[in-house]
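Note that the protein sequences, when read in sequence, are chains E and S. So for the first sequence, the numbering used here puts the first residue at 4; every next one is plus one. So for the second sequence, the numbering used here puts the first residue at 186; every next one is plus one. Positions of the beta carbon are idealized from the N, C-alpha and C atoms, including for glycine. Quick caveat: nothing in here was measured; it's all calculated off a predicted structure. Beneath this line is the structure, given in structure tokens, with notes to follow.
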Amino acid sequence: MIWHTWYRYWITYQTILGKEILRFSRIWVQTILPSVITTMLYFVIFGRLIGDRIGSMNGFAYLDFIVPGLILMGVITNSYSNVVSSFYSSKFSRYIEELLISPAPNWIILAGYVSGGVARGLVVGGAVMLVAMVFTDIQIHSFAVMLLICLMTATLFSLGGFINAIYANSFDDISIIPTFVLTPLTYLGGVFYTMDLLPGFWQTLSLANPVLYMVNAFRYGVLGVSDIPIGFAFSMILVCIIVLTAISLTLLRHGVGIKT
Amino acid sequence: MSALAVSQLTKTYKGGLQALKGIDLSVEEGDFFALLGPNGAGKSTFIGIISSLVNKTAGRVSVFGHDLDRDPERVKSCIGLVPQEFNFNLFLPVVEVVLNQAGYYGIPRREAKIRAERYLRQLDLWDRRLTPMRQLSGGLKRRLMIARALVHQPRLLILDEPTAGVDIEIRRSMWTFLRELNAAGTTIILTTHYLEEAESLCRNIAIIDHGEIAQRSSITDLLKTLHTETFVLNLKGKVSELPELGGFVLQHLDDCTLEVEMNHDHTINGLFDALSRNGIEVISLRNKQNRLERLFLDLVGRHVAEAGDRA
Numbered sequence: 004m005i006w007h008t009w010y011r012y013w014i015t016y017q018t019i020l021g022k023e024i025l026r027f028s029r030i031w032v033q034t035i036l037p038s039v040i041t042t043m044l045y046f047v048i049f050g051r052l053i054g055d056r057i058g059s060m061n062g063f064a065y066l067d068f069i070v071p072g073l074i075l076m077g078v079i080t081n082s083y084s085n086v087v088s089s090f091y092s093s094k095f096s097r098y099i100e101e102l103l104i105s106p107a108p109n110w111i112i113l114a115g116y117v118s119g120g121v122a123r124g125l126v127v128g129g130a131v132m133l134v135a136m137v138f139t140d141i142q143i144h145s146f147a148v149m150l151l152i153c154l155m156t157a158t159l160f161s162l163g164g165f166i167n168a169i170y171a172n173s174f175d176d177i178s179i180i181p182t183f184v185l186t187p188l189t190y191l192g193g194v195f196y197t198m199d200l201l202p203g204f205w206q207t208l209s210l211a212n213p214v215l216y217m218v219n220a221f222r223y224g225v226l227g228v229s230d231i232p233i234g235f236a237f238s239m240i241l242v243c244i245i246v247l248t249a250i251s252l253t254l255l256r257h258g259v260g261i262k263t
Numbered sequence: 186m187s188a189l190a191v192s193q194l195t196k197t198y199k200g201g202l203q204a205l206k207g208i209d210l211s212v213e214e215g216d217f218f219a220l221l222g223p224n225g226a227g228k229s230t231f232i233g234i235i236s237s238l239v240n241k242t243a244g245r246v247s248v249f250g251h252d253l254d255r256d257p258e259r260v261k262s263c264i265g266l267v268p269q270e271f272n273f274n275l276f277l278p279v280v281e282v283v284l285n286q287a288g289y290y291g292i293p294r295r296e297a298k299i300r301a302e303r304y305l306r307q308l309d310l311w312d313r314r315l316t317p318m319r320q321l322s323g324g325l326k327r328r329l330m331i332a333r334a335l336v337h338q339p340r341l342l343i344l345d346e347p348t349a350g351v352d353i354e355i356r357r358s359m360w361t362f363l364r365e366l367n368a369a370g371t372t373i374i375l376t377t378h379y380l381e382e383a384e385s386l387c388r389n390i391a392i393i394d395h396g397e398i399a400q401r402s403s404i405t406d407l408l409k410t411l412h413t414e415t416f417v418l419n420l421k422g423k424v425s426e427l428p429e430l431g432g433f434v435l436q437h438l439d440d441c442t443l444e445v446e447m448n449h450d451h452t453i454n455g456l457f458d459a460l461s462r463n464g465i466e467v468i469s470l471r472n473k474q475n476r477l478e479r480l481f482l483d484l485v486g487r488h489v490a491e492a493g494d495r496a
């Protein structure tokens, strides 16, 4: 009986995830390609044209230094926007009701949507990585750390996208957070510079930015250097994931934004 | 066994609107049950709570003995819902809508494909299985909603105005399909504004108005409470003066058409005899108003008056 229940959950999870992957794959020109092109432009402009004048950073060529951050930028924006747009669309067109009337438990619904966001984040991250290989000859320091941070970051921002979608009442509401919160946090998260370049006060303020921990941990996985102790970075991301998961499940349980 | 049992079901929306005021209702297993009421009476709220789309304020809901609060997954597994509004992903092809729904209920893909084909064929949608949803007509979308609701083979099917905006041919074919489904053992709860539909399909009825049950009985018993009936007669020739017929109230609609009100102490045979004696020949007759429609209007009107008195 328990086995049967878990098998049913597994099929439900597979269905939601499969639907999400199919959704972003069908419109790959809108979902995958833009991040690859944008990152390529970053590589050309910041890496080749300006980067050569900047010189080295943390002992690496500037282009090599920004590669991890640029990959993670793609992961962050895509995992977030996948969940926020997909879940909000299902609310807007009311086909979220297909799931709400089904016996799918809330945690499976959440896991399905978040996994969809993670999948898109990983696909974009992988594509940007391939582009990076063309422009640089980076040797990966720790593939496991890189992959784990990538997964955790995508999970965290997928959860963020989910919460945003739950509260959103219009399509404008799903672009406000990415524009006014996500983008500044990402740009100020140490993608393009090391922390020691900042004045003391700004260094301290930067520590409140969760993206800083992700970028540095990911940079450790790729290059083997980080401004933040790697264990601390992992812990920070994990705590954020736990908190956002708890919030998401609470919102689902009360039907906030999806039930009257 | 009750397919559905609700007690003291209450819903108060934010802003204070009390949509349901402590409803008690039960529907027996195997029934074809009509839930009628004017717009805004609380029907959709009632259905929304049972199908977990609306949070209730108070009360209990039990489906085939499973409590909605204690065992929501089991309750949901028993229910199939055909909602009033279209709620599809318009970019998906028809078959994918049904397969996804099966997946949400934990039905393995291979079995889901078999069931999807069966229900899409039964509802004449199989040839359009690869058509994107947005290209379907309103009638086809309504039928797809039924196929989608049946894919997990629910024991209780709830249809919220399933034939709204559907042409008469599709409506009749949907009636036949629903009758067969009910005969095969599925309990059906139907809300509709077509009272002819309720009279034709359902055995029992509840009329809900202002969030309360105004009437709950079998349709047969309800129709027995009608004391008078009004017919419209098309006459063979012109009739300029109306004869006095005891027990029948006659009224001219035009020279060749009469309206006759008669109570149930008299018969149609008696009416024809009386008309023949007065040299009036009848070509055809019809009910002026659907019988259930008249009762519905009487009941809702009376309920509104009683509510006004209480206030």
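Asked, Found
"For SER145(E) and GLY224(E), believed in contact at Cβ under 8 Å, the rounded distance", "5 Å"
"Nearest residue (CA-CA) to GLY244(S), options ILE374(S), ILE453(S), PHE273(S), THR197(S)", "THR197(S)"
"Beta strand (DSSP E) segment containing ARG471(S), residue limits", "467–472"
"Under 8 Å between C-beta atoms of THR3(E) and LEU75(E)", "Shown here, chain E extends from 4 to 263; a query on residue 3(E) therefore has no answer."
"Cβ separation of ILE244(E) and LEU162(E), assumed to be a contact under 8 Å, to the nearest whole Å", "7 Å"
"Spatial distance of LEU380(S) from LEU221(S) (CA atoms)", "8 Å"
"Alpha helix (DSSP H) segment containing PHE237(E), residue limits", "233–257"
"Between the CA atoms of LEU275(S) and GLU281(S) - distance to the nearest angstrom", "11 Å"
"Boundaries (first-last residue) of the beta strand (DSSP E) holding ASN172(E)", "ASN172(E) -> no beta strand (DSSP E), and no H or E assigned at all."
"Selection of the region 114–125 of chain E by Cβ proximity to chain S, strictly under 7 Å", "none"
"Paired residues, beta bridge with GLU270(S) - DSSP", "None, per the DSSP bridge assignment."
"Beta-carbon proximity check, PHE221(E) vs PRO106(E), cutoff 8 Å", "no"
"For LEU20(E), the nearest candidate out of ALA122(E), SER251(E), LEU36(E) (CA to CA)", "ALA122(E)"
"LEU420(S) vs LEU427(S) beta-carbon contact at 8 Å", "no"
"Assigned exposure category for LYS199(S) - 16 Cβ within 10 Å defines buried", "exposed"
"Helix, strand or coil at HIS449(S) [DSSP, three-state]", "coil"
"Strand pairing of ASN419(S), partner residues [DSSP]", "THR442(S), SER469(S)"
"Same chain, Cβ closer than 6 Å to GLU397(S), five either side skipped, listed in chain order", "LYS206"
"Where the region 80–106 of chain E meets chain S: residues whose CB sits under 9 Å from a CB there", "SER92, SER93, SER96, ARG97, TYR98, ILE99, GLU100, GLU101, LEU102, LEU103, ILE104, SER105, PRO106"
"Contact set between GLY258(E) and chain S, taken where Cβ atoms lie within less than 8 Å", "ASN240"
"Beta-carbon separation (whole angstroms), LEU66(E) vs GLY54(E), contact threshold 8 Å", "5 Å"
"Three-way DSSP call (helix, strand, coil) for ALA135(E) in this model", "helix"
"C-beta neighbour in chain S for GLN17(E), strict 8 Å", "yes"
"Closer than 8 Å to chain E by CB, GLN338(S)", "no"
"Spatially closest choice to ASP256(S) from PRO108(E), SER59(E), MET239(E), TRP205(E), by CA coordinates", "PRO108(E)"
"Proximity to THR415(S) [Cα-Cα], best of SER247(S), GLU446(S), ASN224(S)", "GLU446(S)"
"Chain-ordered chain E contacts of PRO293(S) [CB-CB under 7 Å]", "ILE14"
"Amino acids of chain E, ordered along the chain, whose beta-carbon sits closer than 9 Å to that of LEU266(S)", "GLU100, ILE104"
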